[in-house]
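Contents: one structure, followed by commentary.
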Amino acid sequence: AQKITQTQPGMFVQEKEAVTLDCTYDTSDPSYGLFWYKQPSSGEMIFLIYQGSYDQQNATEGRYSLNFQKARKSANLVISASQLGDSAMYFCAMREGRANNLFFGTGTRLTVIP
Amino acid sequence: DAMVIQNPRYQVTQFGKPVTLSCSQTLNHNVMYWYQQKSSQAPKLLFHYYDKDFNNEADTPDNFQSRRPNTSFCFLDIRSPGLGDAAMYLCATSLTPGSVYETQYFGPGTRLLVL
Chain A
16 AQKITQTQPG
26 MFVQEKEAVT
36 LDCTYDTSDP
46 SYGLFWYKQP
56 SSGEMIFLIY
66 QGSYDQQNAT
76 EGRYSLNFQK
86 ARKSANLVIS
96 ASQLGDSAMY
106 FCAMREGRAN
116 NLFFGTGTRL
126 TVIP
Chain B
38 DAMVIQNPRY
48 QVTQFGKPVT
58 LSCSQTLNHN
68 VMYWYQQKSS
78 QAPKLLFHYY
88 DKDFNNEADT
98 PDNFQSRRPN
108 TSFCFLDIRS
118 PGLGDAAMYL
128 CATSLTPGSV
138 YETQYFGPGT
148 RLLVL
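Chains as they are written, first to last, in the working numbering: chain A, 16 to 129; chain B, 38 to 152.
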């Protein structure tokens, strides 16, 4: 079974609008961390935001927020006030327990339209 | 600024000719990772070093090796590159392993082309 599922291969959003990128995860470990990374066409994987399984509040970092619904095992990324520079691939990833591996989803390509 | 640096950004090699990719970091992190990312796919962990301890993923081909001569540097050696090894290779670091709270910080990647 896939540990991370991103069902949206591509998304379009109008500049200045908000957009939600979906991510669901699968784990039986009670301790895990969820991460979102942005990968522009240059290739660098840029860390955006983190949510721990025991965190009571949804994480926020500037224009990025994570809609964490533990019972549904979802960790959607919300980008507010989209900018042209937000056009990139976005990867959701999970780290379980004491494992070192980051499990990545297949990514969502976001295109911001002027 | 503290960062993860990868050289070169683009590497072209010939089928079967050994190639080495380089990663350095100024974050003073204990753990360094190498990921392979093929076109339109998610990154896949090849191996990682925790200090000098090497940890190989079970499905990493023997063709891939790594060296970490000191805290700052880590190398990926591909002994006999095949056409299927053409990919983006991403180096990442984290302060410690084995914690769900540890963020991995990535370098800009090296795109490898095999002719």
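By construction, the Cβ of each residue, glycine as well, lies at the ideal position given by its N, Cα and C atoms. For clarity, every value in this text was computed on a predicted model and none was experimentally measured.
- Taking the Cα positions, I115(B) is about 9 Å away from S103(B).
- Nearest CB-CB separation between Q141(B) and chain A: below the 8 Å threshold.
- Ranked by how close their Cα comes to the Cα of V34(A), the residues Q17(A), Y105(A) and M109(A) have Y105(A) in first place.
- Per DSSP, the unbroken beta strand (DSSP E) holding V68(B) starts and ends at V68 to Q74.
- Looking from the CA of P145(B), the closest CA among S131(B), L127(B), P134(B) and Y138(B) belongs to L127(B).
- Between V137(B) and chain A, the shortest Cβ-Cβ separation is below 8 Å.
- Only buried fits E139(B), as 16 or more other CB atoms lie within 10 angstroms of its CB.
- Under a 10 Å Cβ-count criterion, Y47(B) is classified as exposed, with fewer than 16 other Cβ atoms of the shown protein chains found around its own Cβ.
- L83(B) carries a strand assignment under DSSP once its states are collapsed to helix, strand and coil.
- Across the structure, N65(B) and S131(B) are spaced so that their CA atoms are roughly 9 Å apart.
- Closer than 8 Å to the CB of L82(B) there is at least one CB belonging to chain A.
- Check the Cα spacing between Q17(A) and each of F118(A), S102(A), E76(A) and Q71(A): the tightest is with F118(A).
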